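Q:
Numbering (my numbering), first residue to last: 5 to 407.
1. Alpha carbon to alpha carbon, how far is residue 205 from residue 235?
2. What three-state label does DSSP hand residue 381 in the structure shown?
3. Here's the rule I'm using: 16 or more other beta-carbon atoms within 10 Å means buried, otherwise exposed. How should residue 192 be labelled?
4. Where does residue 60 fall in DSSP's three states?
5. Just to confirm my understanding: we take residue 200, look at its own chain, exclude 5 residues before and 5 after, and list those with CB closer than 8 Å. What are they?
6. Can you grab the Cα-Cα spacing for the pair residue 424 / residue 246, in whole Å?
7. In angstroms with no decimal places, state the Cα-to-Cα distance between residue 128 and residue 105.
8. Tell me, please, which residues DSSP counts as bridged to residue 258.
9. Got a sec? Which residues, its chain only, sit under 6 Å from residue 392 by beta carbon, not counting five neighbours each side?
10. Measure the beta-carbon distance from residue 333 to residue 348 and round it to whole angstroms, keeping in mind my assumption that it falls under 8 Å.
11. Ignore the nearest five residues each way along the sequence and tell me which others in residue 126's own chain have a CB closer than 7 Å to its CB.
12. In whole angstroms, what separates the C-alpha of residue 229 from that of residue 62?
13. Tell me where the beta strand (DSSP E) around residue 43 begins and ends.
14. List the whole-angstrom C-beta distance separating residue 198 from residue 181, where the pair is believed to meet the contact cut-off of C-beta under 8 Å.
15. Using a threshold of 9 Å, state whether the C-beta atoms of residue 207 and residue 224 are closer than that.
16. Please list, in chain order, all residues of the same chain as residue 143 whose beta carbon is under 7 Å from its beta carbon, the five residues on each side excluded.
17. Assign residue 132 to one of three DSSP states: helix, strand, or coil.
18. What's the C-alpha gap between residue 214 and residue 119?
19. Nearest to residue 317 by alpha carbon, out of 250, 302, 286 and 141?
20. Given a cut-off of 9 Å on the beta-carbon distance, is the pair residue 375 and residue 387 in contact?
21. Assuming residue 244 is part of the alpha helix (DSSP H), what are its boundary residues?
22. At what residue ranges does the segment 311 to 398 contain a whole run of the alpha helix (DSSP H), taking only runs of 4 or more?
23. Is the CB-CB distance between residue 385 and residue 345 below 9 Å?
24. According to DSSP, is residue 403 helix, strand or coil?
25. Would a check of beta-carbon distances place residue 171 closer than 9 Å to chain C?
26. Spatial neighbours of residue 362 within its chain, please: C-beta separation below 7 Å, excluding the five flanking residues on both sides.
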């Protein structure tokens, strides 16, 4: 689709002022059929790059736009209303954060989309406690329940500051500024679209709080019917879990925690059983040593799921069973994710003959798509190709044969 920029002298939406969001507009331009060929343009953004110039960016969705064409503009009232609710909710969340965290919680960015919002703010103290988020959410919804009037008015910057209106740091304001206040809870400089009364938001549900950079946090929330649908899904999920665990909803955290702890204990016991089984194979592995160029070589792939620490212990055990003869032990393991780990151990006699474990790793590691290193007596590493283990063992065998 062809994208164009156009200047219009009259528009049915706001022009971005400090605090406004250009993509809140959502309207379409259509040519008047009695004037000329029909075309339609979906306006996606509006900006004011210089004072007095309003530029609209849109996508031609029908026909071909022509210069000097007479058009009519139609607002997408459904989307505009949804975005307005999100924008008003952002103001309330901002005010709540400032109330509980202090003036340090300054807005650092936001996104107001239909049914959802994203609010970024500075927080030198780090993560916001869950208790604070709960209090902010309760207060915001209390403002909604009180159905406070949302009032917008234009005044001077000095008067706005006297009234306690919050301003965006780094923004430049002219001689006149627009103030949006929601009851006595929020008062902020803003040029964006808003609801007429706080009750129109219906519901605000905070979903998450996370870090997006040093000293900057992000809160995401749902608004209106989207928040209700989210809570409805959560209710269904809780009901299903309560039925599954034969417990009341308030008992679920304890029940689930107990199940998780038992699973972890079972996994620890299973890992111990696997480790014991692997370590018990040390004797058989030592007995399987083959003579390659006068060096006893034990190279094998162990069963999957062996932890790297157990692999090292097994390699050390096998090395000890080779006695005083020159010996090299190379063991390979693979996990469920398709990753390869390996350990190489050398006996004292092998090291005296110039066979250092760390120097043997580059000989075979490329075959498993990996690398590693270590000391002369013990080295380890990893790779990404379990299918290359046989080739790695062959490469090590050829290296020892040439010694």
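C-beta: ideal position from N, C-alpha, C; glycine also.
The model shown is predicted, which means the values in this text are computed figures rather than measured ones.
A: Taking the structure as given:
1. For the purposes of this step, residue 205 is identified with residue 201 of the chain shown, where counting begins at 1. For the purposes of this step, residue 235 is identified with residue 231 of the chain shown, where counting begins at 1. Near 15 Å, if we compare the C-alpha coordinates of residue 235 and residue 205.
2. Within the chain shown, numbered from 1, the residue matching residue 381 stands at position 377. The answer is coil: DSSP assigns residue 381 none of H, G, I, E or B.
3. Numbered from its first residue, the chain shown carries residue 192 at position 188. So residue 192 ends up on the buried side.
4. The residue given as residue 60 occupies position 56 in the chain shown. Strand.
5. Taking the chain shown and counting its residues from 1, the one referred to as residue 200 is at position 196. Correct list, in chain order: 153 and 154.
6. With the chain running from 5 to 407 in the structure shown, residue 424 is simply not present.
7. Along the chain shown, read from residue 1 onward, the residue named residue 128 stands at position 124. Along the chain shown, read from residue 1 onward, the residue named residue 105 stands at position 101. So the alpha carbons of these two residues sit roughly 10 Å apart.
8. The residue you call residue 258 lines up with position 254 of the chain shown. Residue 258 is not bridged to any residue.
9. Translated into positions along the chain shown, residue 392 becomes position 388. Excluding residues within five positions, the ones whose Cβ falls inside 6 Å are 371 and 372.
10. Your numbering for residue 333 matches position 329 in the chain shown. Your numbering for residue 348 matches position 344 in the chain shown. At roughly 7 Å, the Cβ-Cβ gap stays under 8 Å, so residue 333 and residue 348 are in contact.
11. For the purposes of this step, residue 126 is taken as the residue at position 122 of the chain shown. 108, 109, 110, 112, 219 and 220, listed in sequence order.
12. The residue given as residue 229 occupies position 225 in the chain shown. The residue given as residue 62 occupies position 58 in the chain shown. Distance between the alpha carbons of residue 229 and residue 62 is about 29 Å.
13. Within the chain shown, residue 43 is the residue found at index 39, counting from 1. Here residue 43 belongs to no beta strand (DSSP E), and DSSP marks it neither H nor E.
14. Position 194 of the chain shown holds residue 198. Position 177 of the chain shown holds residue 181. Not really, about 15 Å apart at Cβ, beyond 8 Å.
15. Here residue 207 corresponds to residue number 203 of the chain shown, with the count starting at 1. Here residue 224 corresponds to residue number 220 of the chain shown, with the count starting at 1. No, they are not a contact pair.
16. Looking up residue 143 in the chain shown gives position 139. For residue 143, where only same-chain residues beyond five positions count, the Cβ hits under 7 Å are 100.
17. Counted from its first residue, the chain shown places residue 132 at position 128. Three-state DSSP puts residue 132 in coil, outside helix and strand.
18. As a first step, residue 214 is located in the chain shown; it is residue number 210 there, counting from the start. As a first step, residue 119 is located in the chain shown; it is residue number 115 there, counting from the start. Between residue 214 and residue 119, the C-alpha separation is close to 20 Å.
19. Against the chain shown, residue 317 aligns to sequence position 313. Minimum Cα distance to residue 317 is reached at 286.
20. On the chain shown, position 371 is the one that residue 375 refers to. On the chain shown, position 383 is the one that residue 387 refers to. Against a cut-off of 9 Å, the Cβ pair of residue 387 and residue 375 comes out as a contact.
21. Counting from 1 along the chain shown, the entry for residue 244 is found at position 240. Its alpha helix (DSSP H) spans residues 229 to 249.
22. 312 to 325, 352 to 356 and 361 to 368
23. Here the question's residue 385 lines up with position 381 in the chain shown. Here the question's residue 345 lines up with position 341 in the chain shown. Yes.
24. Here the question's residue 403 lines up with position 399 in the chain shown. Reduced to three states, the DSSP call for residue 403 is helix.
25. Protein chains in the displayed structure number just one, and chain C is not present.
26. For the purposes of this step, residue 362 is taken as the residue at position 358 of the chain shown. If we look at residue 362 and ignore the five residues flanking it on each side, its Cβ neighbours are 377, 378, 379, 380 and 383.
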